Each structure stands twice: as structure tokens, then as C-alpha cells.
DNA sequence: TTATAATATTCCCTTTACGGTATATTCCCT
DNA sequence: AGGGAATATACCGTAAAGGGAATATTATAA
């Protein structure tokens, strides 16, 4: 799991941007307005998100539409899935079983 | 979605700790050894993870067993779910439909 | 080609995060 | 009570992150 994905999402404005992009692609200007960011900061945050692979850009004249990329989201889902078995009933029972074995030494 | 969760996971050593805890609860000492961290750093990272609600501690004499908490993982799964609809087939079609409407102006 | 709109980058400054080391705390054992 | 193990906290120094403002880039239109 690449930590740069989490690092990108750790900044409130960037998380906000991601949430805006759930509705569909947006230009830098639109993002700046909807987040209350100044244009340079919006660009800079989008750069970080882009470097982390969370968004991609689609050019249209001198506007740039940013949109979400699916891959990192799939990666996160897979990672969460790998954590999920901790709370899996069967794993819990196995855990207790092993603990009991240890206790017998 | 609380960004402190992502901030906690953004640090490589902390992500590693979480991944170790997938196997079950561990003491600070065990975590320090398995990650190659010195004990104080391990404690500090665990503090961050704890403040973010990702782990909880269970005392046993002067040892402390850290284990994963389920809630933030459920929260992340729900959040990812809210992003998922972007790639939903139907949403995509609606998007194209709206774009076509705009083009007619 | 020049003006303008949209976006990206640079520089500076301040704050925050992290590692290292020392020290404090807590608990057990005798 | 005193010693030692396990863990937490404090303090310091450095490096990275983030905002602000100015400037550079790219594309369009006249």
C-alpha cells in the first residue's frame, strides 16, 4: 500500500476536492471557487493529488478538467479488505484457540 | 470523513504497524522490534494511531497490547463506497447525457 | 502578434512532523 | 521500600508541508 495516497487525502482541502470530484470532472477554477481556495493553492493541491495518482487531467482548450482515477480507490478497498479479517468471526475463534494453547505451557 | 485517519496512515512506519496488527494484538516492544523502530518512536506512532481512533490499548501488567479498532475501517469503507458511484455505469451515462445537453446551447 | 483567460510554478515565510536522546512513569517482584 | 522491565513523555534540532503573492506558461481570440 502506497502511503502517498493517504498523505494526499490527509489534507482537508484535498479531501474536499476529492469529494467534489465524486460529482464529476471539474476545472481548476471551479474547484477553487467551490473550496474557497485561491487558484494557485488549488493547482498545487491538484498536483499532489495527481502525483499520488488519485486524479487525472483532461485538457479542453486552456481549461483542464480534473477527474477521479479508479485505481487507487480499488487499491484502498483491497487493503481494507486485508484488514477486515481481523474482525472475522472465524479468525477471532482461532485467535482464542491459539491463546489457550499458549496458556497451557 | 476525518482527515486525521488518513494523516495517521500516511506515515510508512505507522502503516506498517497497522499491517502488523492485522495478525492480532501486539505489545509496544514487539512492534518496535518488528518495525525496527526504537521504543520511543514506536510509542509516539502508536499515540498518533490511538488519537486517530485506529487502535486501542489493552493493559496487562506493565505491558500494553495494541489492537485495531473496527470503526475507522468501516468509516473508510463507507467513504470509498460514496466515491464508487463515479464509475457506476449508469452515472457515466447520465454524465454523457448532461454533456450532450450542454453542447446544444 | 497582442491582449486576455485559465492554469502552473516559483519564492518566501511560518508551522508542523519526525527522529534522537534523555527522562519520567507505571507495574511487577523480592 | 527498592530494583528492573515496559512504556510514555519532554526537549531539541532538522526537514518537509502549506499558505500568500508574484510570475511564468499555454491557449484563445481579435
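Chains as they are written, first to last, in my numbering: chain A, 492 to 596; chain B, 492 to 596.
Ideal Cβ placement from N, Cα and C applies to all residues, glycine included.
These figures come from a predicted structure and were not determined experimentally.
Residue range of the alpha helix (DSSP H) that includes residue 539/B: 530 to 542
Strictly by DSSP, which residues pair up with residue 550/B? 555/B
What residues are listed by DSSP as bridge partners for residue 518/B? 556/B
Following the continuous alpha helix (DSSP H) through residue 570/A, name the residue where it begins and the one where it ends. 562 to 575
Who are the near neighbours of residue 528/A in its chain, counting only those whose CB is closer than 8 Å to its CB and skipping five residues on each side? 504, 522 and 536
Let me know the secondary structure DSSP gives residue 545/A once reduced to three states. coil
When you compare the CB positions of residue 517/A and residue 557/A, do they come within less than 8 Å of one another, or not? yes
Can you list the residues of chain A that residue 494/B reaches, using a CB-CB cut of under 8 Å? 500, 501, 502, 503 and 506
Along chain B, which residues have their Cβ under 7 Å away from the Cβ of residue 571/A? 564, 567 and 568
Rounded C-alpha distance that separates residue 546/B from residue 570/B: 19 Å
Listing by chain order, which chain B residues have their CB less than 7 Å from the CB of residue 561/A? 578
So the candidates are 501/B, 519/B and 496/B; which of them puts its Cα closest to the Cα of residue 553/B? 519/B
Would you say residue 512/B touches the ligand NAD, meaning its beta carbon is less than 7 Å from a heavy atom? With respect to the ligand NAD, the structure shown offers nothing to examine, as it has no ligands at all.
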